[in-house]
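Peer 1:
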Amino acid sequence: MSRTRVKICGVTRVEDALLACELGADAIGMVMTASSPRCVPVERARAIREALPAFVDAVVLTHDLPADRVRAIIDGVRPDLVQFHGLEDAAFCGSFGVHYTKALGMDGDVDVRAVAAAHPQASGFVLDGHPPGQQGGRGKTFDWSRIPRDLGRPVILAGGLNPDNVGEAIRTVRPWAVDLASGVESSPGIKDAVKMRAFFAAVRAAQDEAQR
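In terms of the working numbering, the sequence shown is residues 4 to 215.
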């Protein structure tokens, strides 16, 4: 089993991003959609991105924003990757010249294989517990048995992950990465250091067990 990567999402403060990096995060996510309680302005997202050490990706999350707004976010933040959470099609997602992932809401009737086939340029697929086309960050899990085991594309598991269940998630799904926001928060957008340390410890324990 390869190493499970970790993305800490909904980051609003530089200090939280730096702690996540210290603990081993591979990516830091910033929400750019105004309706989210974790939304940050472009200037703060850029400050977080500029604080990240080498080899940690900056990810911006958008949800059905118009193309000019997405372009302004990309120009202002200079992210490594864009995560599209709405009903954006492949032509739209691929039009910005930046690597992207597509989020799928698994709380509903969604054909993961069909979406993957429709997005050949996507760098991976975030499978979350929210209804299709809606935003994540709700702390809701879903039935992991619905995830195709032979998708042939990177699966990023999200939805209700926390220090208590991430070990089981890794053992069951064997995802490319795990992605969480609310599971390590004290309030929306404010990360809890104790929960973050416990989460990364649980990830390491699951990986160590898988390699025995």
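Backbone N, C-alpha and C define an ideal beta-carbon position, used for all residues, glycine too. Since the structure is predicted, the reported quantities are computational estimates derived from the model, not experimental observations.
1) Is it true that the CB of Ile-173 sits closer than 8 Å to the CB of Val-197?
2) Suppose the cutoff is 7 Å on Cβ atoms and the five residues either side in sequence are ignored; what does the same chain contact list for Trp-179 look like?
3) How long is the line joining the alpha carbons of Ala-23 and Asp-182, rounded to whole angstroms?
4) Any beta carbon from chain E within less than 8 Å of His-66's own beta carbon?
5) Looking at the strands, I want to know which residues DSSP matches up with Gln-86.
6) Going by the CB atoms, is the gap between Trp-147 and Thr-175 shorter than 8 Å?
7) Would you mind working out which of Gly-79, Leu-164 and Arg-177 sits nearest Ala-213, comparing C-alpha positions?
8) In its own chain, which residues sit with a C-beta less than 7 Å from the C-beta of Phe-145, not counting the 5 before and 5 after it?
9) For Phe-128, which of helix, strand or coil comes out of DSSP?
10) Between Val-45 and Ile-76, how many whole angstroms is the CB-CB distance? I'm expecting something under 8 Å.
11) Distance check for Lys-10 and Ala-201, CA to CA, integer angstroms please.
Peer 2: Judging by the given coordinates:
1) no
2) Arg-8, Gly-127, Pro-157, Val-158 and Ile-159
3) 12 Å
4) Among the protein chains of the structure shown there is no chain E, as only one such chain exists.
5) Leu-64 and Thr-104
6) yes
7) Arg-177
8) Met-109, Asp-110, Gly-132 and Gly-162
9) strand
10) 6 Å
11) 15 Å
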